[in-house]
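Number of protein chains: 2
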Amino acid sequence: MTAEIISVGTELLLGNILNTNAQYLSRELAALGITVQRESTIGDNHGRLADFVNEAKARCDLLVFTGGLGPTADDLTKETVAECFGDRLVFDEDEWKKITSYFARSGRSTAPNNRKQAMVPVQGHKIVNNHGTAPGAWFEQDGHCAVLMPGVPHEMKAMWEEGVRPLLLARQNCVLHSLTLRILGGESNLEYKVRHLLENANPTAAIYCKIGECEIRITARAATDAEGEKMCREYAKKFYDLLGDAVYDEDVAGLEETLVRTLKEHKLSLSTAESCTGGMIAQRITSVSGSSEVFGYGFVTYWAEAKAKLVGVDPAVIEKYNVVSAPVAAQMALGAAAASGSDIAVSVTGIAGPTGGDAIRPVGTVYVGAARDGKAYVHKLFVSRPDRALVRARAAQTALELALRLAQGKVPENTEQLSAADARDSAALDKLNGAFFAKA
Amino acid sequence: MTAEIISVGTELLLGNILNTNAQYLSRELAALGITVQRESTIGDNHGRLADFVNEAKARCDLLVFTGGLGPTADDLTKETVAECFGDRLVFDEDEWKKITSYFARSGRSTAPNNRKQAMVPVQGHKIVNNHGTAPGAWFEQDGHCAVLMPGVPHEMKAMWEEGVRPLLLARQNCVLHSLTLRILGGESNLEYKVRHLLENANPTAAIYCKIGECEIRITARAATDAEGEKMCREYAKKFYDLLGDAVYDEDVAGLEETLVRTLKEHKLSLSTAESCTGGMIAQRITSVSGSSEVFGYGFVTYWAEAKAKLVGVDPAVIEKYNVVSAPVAAQMALGAAAASGSDIAVSVTGIAGPTGGDAIRPVGTVYVGAARDGKAYVHKLFVSRPDRALVRARAAQTALELALRLAQGKVPENTEQLSAADARDSAALDKLNGAFFAKA
Numbered sequence: 001m002t003a004e005i006i007s008v009g010t011e012l013l014l015g016n017i018l019n020t021n022a023q024y025l026s027r028e029l030a031a032l033g034i035t036v037q038r039e040s041t042i043g044d045n046h047g048r049l050a051d052f053v054n055e056a057k058a059r060c061d062l063l064v065f066t067g068g069l070g071p072t073a074d075d076l077t078k079e080t081v082a083e084c085f086g087d088r089l090v091f092d093e094d095e096w097k098k099i100t101s102y103f104a105r106s107g108r109s110t111a112p113n114n115r116k117q118a119m120v121p122v123q124g125h126k127i128v129n130n131h132g133t134a135p136g137a138w139f140e141q142d143g144h145c146a147v148l149m150p151g152v153p154h155e156m157k158a159m160w161e162e163g164v165r166p167l168l169l170a171r172q173n174c175v176l177h178s179l180t181l182r183i184l185g186g187e188s189n190l191e192y193k194v195r196h197l198l199e200n201a202n203p204t205a206a207i208y209c210k211i212g213e214c215e216i217r218i219t220a221r222a223a224t225d226a227e228g229e230k231m232c233r234e235y236a237k238k239f240y241d242l243l244g245d246a247v248y249d250e251d252v253a254g255l256e257e258t259l260v261r262t263l264k265e266h267k268l269s270l271s272t273a274e275s276c277t278g279g280m281i282a283q284r285i286t287s288v289s290g291s292s293e294v295f296g297y298g299f300v301t302y303w304a305e306a307k308a309k310l311v312g313v314d315p316a317v318i319e320k321y322n323v324v325s326a327p328v329a330a331q332m333a334l335g336a337a338a339a340s341g342s343d344i345a346v347s348v349t350g351i352a353g354p355t356g357g358d359a360i361r362p363v364g365t366v367y368v369g370a371a372r373d374g375k376a377y378v379h380k381l382f383v384s385r386p387d388r389a390l391v392r393a394r395a396a397q398t399a400l401e402l403a404l405r406l407a408q409g410k411v412p413e414n415t416e417q418l419s420a421a422d423a424r425d426s427a428a429l430d431k432l433n434g435a436f437f438a439k440a
Numbered sequence: 001m002t003a004e005i006i007s008v009g010t011e012l013l014l015g016n017i018l019n020t021n022a023q024y025l026s027r028e029l030a031a032l033g034i035t036v037q038r039e040s041t042i043g044d045n046h047g048r049l050a051d052f053v054n055e056a057k058a059r060c061d062l063l064v065f066t067g068g069l070g071p072t073a074d075d076l077t078k079e080t081v082a083e084c085f086g087d088r089l090v091f092d093e094d095e096w097k098k099i100t101s102y103f104a105r106s107g108r109s110t111a112p113n114n115r116k117q118a119m120v121p122v123q124g125h126k127i128v129n130n131h132g133t134a135p136g137a138w139f140e141q142d143g144h145c146a147v148l149m150p151g152v153p154h155e156m157k158a159m160w161e162e163g164v165r166p167l168l169l170a171r172q173n174c175v176l177h178s179l180t181l182r183i184l185g186g187e188s189n190l191e192y193k194v195r196h197l198l199e200n201a202n203p204t205a206a207i208y209c210k211i212g213e214c215e216i217r218i219t220a221r222a223a224t225d226a227e228g229e230k231m232c233r234e235y236a237k238k239f240y241d242l243l244g245d246a247v248y249d250e251d252v253a254g255l256e257e258t259l260v261r262t263l264k265e266h267k268l269s270l271s272t273a274e275s276c277t278g279g280m281i282a283q284r285i286t287s288v289s290g291s292s293e294v295f296g297y298g299f300v301t302y303w304a305e306a307k308a309k310l311v312g313v314d315p316a317v318i319e320k321y322n323v324v325s326a327p328v329a330a331q332m333a334l335g336a337a338a339a340s341g342s343d344i345a346v347s348v349t350g351i352a353g354p355t356g357g358d359a360i361r362p363v364g365t366v367y368v369g370a371a372r373d374g375k376a377y378v379h380k381l382f383v384s385r386p387d388r389a390l391v392r393a394r395a396a397q398t399a400l401e402l403a404l405r406l407a408q409g410k411v412p413e414n415t416e417q418l419s420a421a422d423a424r425d426s427a428a429l430d431k432l433n434g435a436f437f438a439k440a
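Residue numbers (this note's numbering), protein chains in the order written: chain S, 1 to 440; chain F, 1 to 440.
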């Protein structure tokens, strides 16, 4: 089955809105085994839209539309597609009741043009919208189908999940089962390693790369969910065999979710001491619902005096080694754990840029620290593209990774280690500091 | 002049990448007075791409391509478009030298397929890429033009700004001047207020809405920059007349940038005490380069005990009024200012959800506090859509807004006020707490 995705709206052509609907639908259609051949964005213009629909209908089996279902004169997707599919629209009392009661609940009254939204296909059918006023629509002619959904992303996604995907699955007489692997590490390398596994018909596997991690989504079409699950599990094994424990979790939204769950499982608490990330690590952790079970204290120690006052960094150590140094990262992590009483702490000190770098510590130099059971671990990171947001994001990601390894009871890789006692010892700090310069 | 934007790449059709290039180019073309009629995403398939180019060429004056300029066999935009525009490609020694030296610098050697990237148009011309290996290309036939740029966003944007936009401006024999207004407040209301100003040919004005604020970008085409500046300024006055001081700044990336600059101008420092935003406010402030001049301390006080220990909230006050309450927000802000010695402090305590709400404090209830000169200000926010990320983002935005008003020496609107002395007084706290319940 082949499809095209069509986003309707002049505001998209003006760049006023970022089109996230098309990406969502691309993934979803791929998972259904439907090949998306083209994606288009068209303005709210009857003639141009009608021409486009007639062309696209000849090219593929399924047209997936978003947008243009509103009450204004500009909203003409439904009228235009109905015409191109030889269908017409009729007023639907039930939809109208829904619309008027929706307006009444928010203390407003409907205008005459709102009646437009209650029009539904005669030969095709409406698709219920449980999250807004505009119903969707389904048209069909000569084996070609068109489905129309709202442009507002959360309404569109809900309608897809509740009304459209089930319909497409029923037609294919199958169910869909997905499994998402989350993998730590850089993009191009990883993609290269697994590329031969990404060209499979069923299950399909797709890779999505983010900063410091990638996601591999495996989707099987099968007669039953149990069979689909088995197919996904078997295919996932191929990735595990290749990638080992770089695969850090399954079916989570990100590293912070895995970290919070792991901390809960081990009844551990975490705190943070952040300099150049400025609260980004704490923010990611607390974006997870239920994180208050394991996270109570975060310190944003942007100034040297804050590092001393809040997490007990020795000002002489800053003076001697520089504020961006392994000894400072170690003392920040140990200090955050002590000040908060947490089991684990992570710290970051670095130069996010664009200014502030020098020959010894160019922009992108970051020390990430962690502490557990009276021991500190320090990792040095260098981000070669001097992009402030990127440096901060990579640093936060690395800190979460260190925290996860410690929560799992592992010694984090590529770290130098130091006891809490040695963190106050001049010779030990010299050695720690030197270890990173010897390496470079 | 009419244009179409064409993104080439099967990975886009699979949804592996979010297409941000199309939005960027839409805005840029609109600013140049070029009407974008359609945006399309096409896979890496020679036949389909050639068909598409021939159709699109007949429909409009300018085709703007991104993607498909890489070294692999899949990358065939240049070859295909050359064919459709009656041009051919020739090997360019200079580009080849650039490519080989680029590889040498990163310690790699080129493969035979890298030579593909050094091929440039014969009748058209190449466009220099200062940020990657793939040059762009310009083709022209019978008054129709095609410009090809890389798909990697930062390379594409740089090539657009350095090579393509100047070329289009030179052809139009004009310069471009832009002015961006940043406006506090909700979307639909604001858009309605200014809608008659958004349909202008020159200067153009476009509105982009984000969480809790909007951006209006005014762009003039003129013979000289001075003339363009004057046109923008005159057009901006119409928005100022309508919106008053909801317009908080011009030509900044966001509220945090204005806040940091305002604090610098007034030689003021800021600190934060965050509960439900969990570091998001500090993170936004420190995303601004140079924020270390004004921001030194941030407290993420996720637990009640952290609120007591780090910023001196009285546990009895939490017990009496609930942790999500005006008295707690007031004590957090005053406490953060005291603990850090900052001139201004902001605080947030709320229920981001999805769990934890009740009849008195449903999910989305947030108290935002601020302190300056021994006085606290509290604002209550309610976000009706129970979306954790949205509640946090709105709360952070509101806190930055309060901080800005205090930095400007204004009394923030819609706040209840309390002196530092009264923040320890039971009757005064009762009154503060009661003020928010009387309102609701």
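Beta carbons are placed, not taken as given, at the ideal position from N, Cα and C, and that holds for glycine.
How about residue i: is its C-beta nearer than 8 Å to some C-beta of chain F?
i        : result
S/Phe103 : no
S/Glu39  : yes
S/Ala282 : yes
S/Ala407 : no
Starting from the beta carbon of residue i, find every residue of chain S whose beta carbon is closer than 8 Å, and list them in chain order.
i        : result
F/Ser287 : Gly278, Arg388, Ala389 and Arg392
F/Val300 : Thr272, Gly279, Ala282, Thr286, Tyr297, Gly298, Phe299 and Val300
F/Thr20  : Leu18
F/Leu76  : By Cβ distance, chain S contributes nothing, its closest Cβ being about 16 Å from F/Leu76, past 8 Å.
F/Ala306 : Gly296, Tyr297 and Ser340
In whole angstroms, give me the CA-to-CA distance for residue i and residue j.
i        : j        : result
S/Ser178 : S/Ser26  : 15 Å
F/Arg48  : F/Asp92  : 28 Å
S/Met159 : F/Leu14  : 20 Å
F/Lys431 : F/Val378 : 13 Å
F/Ala440 : F/Gln417 : Because the pLDDT of F/Ala440 is 48, which lies under 50, any placement of that residue in the model is unreliable, and the question is left without a value.
F/Pro121 : F/Thr77  : 12 Å
F/Glu191 : F/Asp249 : 18 Å
F/Glu28  : F/Glu162 : 13 Å
S/Pro71  : F/Gly70  : 45 Å
F/Pro166 : F/Cys174 : 10 Å
F/Ser292 : S/Val313 : 18 Å
Starting from residue i, find everything on chain S with Cβ-Cβ shorter than 9 Å and list it in chain order.
i        : result
F/Ser419 : None at all; the shortest Cβ gap to chain S is about 26 Å.
F/Tyr24  : Gly15
Counting only beta-carbon separations shorter than 8 Å, does residue i have a partner in chain S?
i        : result
F/Ser292 : yes
F/Arg27  : yes
F/Val36  : yes
F/Trp303 : yes
F/Ala440 : For F/Ala440, the predicted structure reports a pLDDT of 48, less than 50, and the residue's modelled location is therefore unreliable. A value from the coordinates is still provided. No, its Cβ sits nowhere closer than 8 Å to a Cβ of chain S.
F/Ala330 : no
F/Thr2   : no
Which residues in chain F have a C-beta closer than 7 Å to the C-beta of residue i? List them in chain order.
i        : result
S/Phe382 : Under the 7 Å cutoff, chain F gives no residues; its nearest Cβ is about 14 Å from S/Phe382.
Could you check whether residue j and residue i sit closer than 8 Å to each other, using their CB atoms as the reference points?
i        : j        : result
F/Cys84  : F/Glu4   : no
S/Leu148 : S/Met119 : no
S/Gly136 : S/Thr398 : no
F/Ala453 : F/Leu32  : In the structure as shown, chain F begins at 1 and stops at 440. Residue 453 of chain F is therefore absent and cannot be evaluated.
S/Lys375 : S/Ser419 : yes
S/Gly279 : F/Ala306 : no
In chain S, what lies closer than 7 Å to residue i by C-beta?
i        : result
F/Ile207 : Asn16
F/Thr258 : Neighbours of F/Thr258 on chain S: none; closest Cβ ~17 Å, over 7 Å.
F/Ala30  : Leu14 and Gly15
What residues of chain F sit near residue i, judged by a beta carbon separation below 9 Å?
i        : result
S/Ala506 : For chain S, the structure presents residues 1 to 440; residue 506 of chain S sits outside this window and is missing.
According to a CB-to-CB cut-off of less than 9 Å, which residues of the segment 42-63 of chain F neighbour chain S? Ile42, Gly43, Asn45, Arg48, Phe52 and Glu55
Could you name the residues of the segment 158-192 of chain F whose beta carbon sits closer than 9 Å to any beta carbon of chain S, in the order they occur along the chain? none
Check each residue of the segment 355-376 of chain S: if its Cβ is closer than 8 Å to any Cβ of chain F, include it; give the result in chain order. Thr355
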